[in-house]
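Heads up: the sequence shown begins at 3 in the working numbering, then just goes up one per residue. By construction, the Cβ of each residue, glycine as well, lies at the ideal position given by its N, Cα and C atoms. Working notes, beginning with the structure itself.
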Amino acid sequence: MKILSIILSVLAIAIVVFNVTKLDFNNLFAGDSLTALICITASLCAILLLQILSVSKKIEQKVKS
Numbered sequence: 003m004k005i006l007s008i009i010l011s012v013l014a015i016a017i018v019v020f021n022v023t024k025l026d027f028n029n030l031f032a033g034d035s036l037t038a039l040i041c042i043t044a045s046l047c048a049i050l051l052l053q054i055l056s057v058s059k060k061i062e063q064k065v066k067s
């Protein structure tokens, strides 16, 4: 589970980096920039959810022992 979480986090970070290159800072809310902003937001949410999962697994292990 930990390896899968790390792999998914790395993929989400790669998606963020890729989409930052697609941004047009002169016109952020039009065309490809809007799509890139949505994908960046979704990737950051995925990273946040994976971190919450990691913390909950650590808490679960401490409660069991």
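{"Check": "Cβ separation of A42 and V57, assumed to be a contact under 8 Å, to the nearest whole Å", "Outcome": "The displayed chain sequence assigns Ile, not Ala, to residue 42. Contact flag wrong, Cβ pair sits at about 23 Å."}
{"Check": "Test item: CB-CB of L39 and N28 under 9 Å", "Outcome": "no"}
{"Check": "CA-to-CA distance, L25 to S45, given in whole angstroms", "Outcome": "15 Å"}
{"Check": "A14 vs I49 beta-carbon contact at 9 Å", "Outcome": "yes"}
{"Check": "Identity of the residue in C47, G33, L30 nearest S11 by Cα", "Outcome": "C47"}
{"Check": "Between the CA atoms of T23 and F31 - distance to the nearest angstrom", "Outcome": "15 Å"}
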